[in-house]
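All remarks here apply to the structure that follows.
Number of protein chains: 2
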Amino acid sequence: MSPALNLTWSAKPLSAEEAATVAIRDAILSGRLVPGQRLAQAELAAQLGISRIPLRDALRRLDGDLVTIDGRRGCWVTSLEVDEIEELYEIRIVLESRCVSLAVAGLSDQEALHLFGLSEQMDLMQSDAHSGYSTRRAFYAELYSHANRPRMRGLILQLRDNVGRYHVLKDVRHSVDAHEQLRRHIMDRNPDGAAEVVVAHLEETRDDLLATMAQDEHVPTLATEGS
Amino acid sequence: MSPALNLTWSAKPLSAEEAATVAIRDAILSGRLVPGQRLAQAELAAQLGISRIPLRDALRRLDGDLVTIDGRRGCWVTSLEVDEIEELYEIRIVLESRCVSLAVAGLSDQEALHLFGLSEQMDLMQSDAHSGYSTRRAFYAELYSHANRPRMRGLILQLRDNVGRYHVLKDVRHSVDAHEQLRRHIMDRNPDGAAEVVVAHLEETRDDLLATMAQDEHVPTLATEGS
DNA sequence: GTTGCCGATGTTGTATACAATATTCAGATA
DNA sequence: TATCTGAATATTGTATACAACATCGGCAAC
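Heads up: the sequence lines are chains D and Y, in that order.
Here the first sequence is numbered in my numbering, starting from 1 and rising by one per residue.
Here the second sequence is numbered in my numbering, starting from 1001 and rising by one per residue.
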């Protein structure tokens, strides 16, 4: 199956544009760049140590997703309204219920066991918000990859990132509970059960987030300007 | 509902990047640029009468969708395999069935009548493949806008374009029939019926396309090079 | 006090020039 | 003949410079 030589081509030189894309995406997902924050090309390029051209390429790549570009008016970190968040969750529910169902249905014994272990690890090591998020993300990325639907998986992960940056790690109890159920359905190869758990979990998460937003709507987050 | 003054800000000056984006997208959707065709930056920029910078911005914007960029190896018109087309249709089915259901459920009498007329017009004037496609696209864009799900609508139209450029106008009978049924469900405000029609229509269209591709797989289309 | 009109300033868009890398093809060698 | 090597060529990535536009401030007029 696997080739004799499995060089992952580690540490291949990233282009300036790729590096900038990763850096900006990471900054947005980790909350260092907050929704609505202006992204001035000259300033960002200077901070990253590159010229404006590859920076613009990176921004174009993130446009419509994590970044909003409005012609000559400039660009900002995309800010989501309540309506948009509800819609994104609706799309996630439709896609993820299908995807998890397909994934669980096609799992081999070995793969199911692997996912089971991954899920337990994930719930055991509860670290800070950011690494917790990326750990959960990695689990779902792995799970959904078994659905053999690369485009759907990509869409889902994208939507997840889009909405995930608004969370403040409030849903830990829900998550642990949902993951326990999900593990059972994975071992039982129960696609419908898994889909139900995922939908219920998404709805809970969504409601948590909306409640938090309604509560904090009069306390807008402010970016701490870099020196 | 509609504002008293409805200035559409017509004929605002497009930037070179926007113009290039529209031009390239249109060329791909109309088939002048075929899947797999190389997109050389210098050549394209010269043809469009702009420099490489705004052209690159346009290509980055279409990347991952209609265009595939592979680092320094260059970029091509995205070419879809059979598996990918099947997957895109699967996503369309999931999203569009939900979207049409929501749209039909919320239709006012006036809106339903308007869509009815639009649909009839669409079936009456059957012109060439390209304008036929864009007419149908406009109808669904209008229909889905009534679902009040802008992101979902955008995704659907994007998926539609992605897969639509492979069609060769073979599904006219199916379409006319499906549209007739859809009109009835629109007038009856029958969301479930409309969703069923859309799903069935998508499945038929998908199977038509796959059959055509299986038939023509040994006759690869070749681009007619511009002078 | 409010509105409208410039001018100064800053930011983005675009062209040109150059650097870095991929591709290609000729030629040598097994 | 097939394959490998390496220089020539072509194409993409990036930096700099400049042009076009938007924003923001003050000032005048109503």
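Where is the CB? At the ideal position from N, CA and C, for every residue including glycine.
No experiment lies behind these values; they were computed from the predicted model shown.
For D1177(Y), the secondary structure class from DSSP, reduced to helix, strand or coil, is helix.
When secondary structure is reduced to three states using DSSP, R38(D) falls in the strand class. With 16 or more neighbouring CB atoms inside 10 Å of its own CB, M152(D) falls in the buried class. Using a Cβ distance threshold of 8 Å, I186(D) and F116(D) count as a contacting pair. Residue environment for S51(D): exposed (fewer than 16 other C-beta atoms within 10 angstroms of its C-beta). In this structure, V1197(Y) places its C-beta atom within 8 Å of the C-beta atom of L1182(Y). Closer than 8 Å to the CB of S1101(Y) there is not a single CB belonging to chain D. DSSP places T1212(Y) in the helix class (H, G or I) of the three-state scheme.
Nearest in C-alpha terms to D1065(Y), of all of G1164(Y), N1148(Y), L1118(Y), is G1164(Y). Counting along the chain, I93(D) sits inside no beta strand (DSSP E); it lies in the alpha helix (DSSP H) bounded by residues 82-105. DSSP places D188(D) outside both helix and strand once states are collapsed to three, so it counts as coil. DSSP, read as helix, strand or coil, puts T78(D) in coil.
Across the structure, T135(D) and M125(D) are spaced so that their CA atoms are roughly 9 Å apart. Judged by DSSP in its simplified three-state form, I69(D) adopts strand.
Here S108(D) is exposed: its Cβ has fewer than 16 other Cβ atoms, across all protein chains shown, within 10 Å. Excluding sequence positions up to five before and after L1080(Y), its CB lies within less than 8 Å of the CB of P1035, L1088, N1162, V1163, Y1166, all in the same chain and listed in chain order. A Cβ-Cβ separation of about 5 Å places R61(D) in contact with R1060(Y) under the 8 Å criterion. Using a Cβ distance threshold of 8 Å, H1146(Y) and A1178(Y) do not count as a contacting pair. In the DSSP annotation of this structure, the continuous segment of the alpha helix (DSSP H) that includes H1114(Y) starts and ends at 1109-1124. Beta-bridge annotation (DSSP): D63(D) is paired with V67(D). Among the residues facing chain D, V1198(Y) is not included, as its CB has no counterpart in that chain under 8 Å away.
Pairing L155(D) with D1192(Y), the inter-Cα distance amounts to about 26 Å.
In the three-state reduction of the DSSP assignment, A1147(Y) falls in the coil class. Comparing alpha carbon positions, the residue from T1212(Y), G1132(Y), D1070(Y), V1100(Y) closest to E17(D) is D1070(Y). In this structure, A1027(Y) sits away from V1100(Y), with a CB-CB distance that is not shorter than 8 Å. Contact residues of the segment 1064-1097 of chain Y toward chain D are G1071, R1072, E1084, E1087, L1088, E1090, I1091, V1094, L1095 (C-beta to C-beta distance below 8 Å).
Bounds of the alpha helix (DSSP H) holding V1022(Y) are 1016-1030.
M122(D) is the residue among A23(D), V94(D), I93(D), M122(D) whose C-alpha sits nearest the C-alpha of V176(D). Close to M1187(Y), with beta-carbon spacing below 7 Å, lies no residue of chain D; the smallest spacing is near 26 Å. Only those residues of the segment 149-183 of chain D whose C-beta falls short of 8 Å from the nearest C-beta of chain Y are listed: R149, P150, R151, M152, L155. Here L118(D) has F139, E142 as same chain residues with Cβ atoms under 7 Å from its own Cβ, once five neighbours each way along the sequence are excluded. Legend: CB atoms of the segment 10-25 of chain D lying less than 9 Å from CB atoms of chain Y belong to residues S15, E17, E18. Taking a C-beta cut-off of 8 Å against chain D, the contacting residues of the segment 1022-1054 of chain Y are I1053, listed in chain order. With a contact defined as Cβ atoms closer than 8 Å, L202(D) and I93(D) qualify at about 5 Å. E96(D) counts as buried, since at least 16 other C-beta atoms from the protein chains shown sit within 10 angstroms of its C-beta. For R1206(Y), there are no C-beta contacts with chain D under 9 Å, since the nearest C-beta of that chain is about 15 Å from it.
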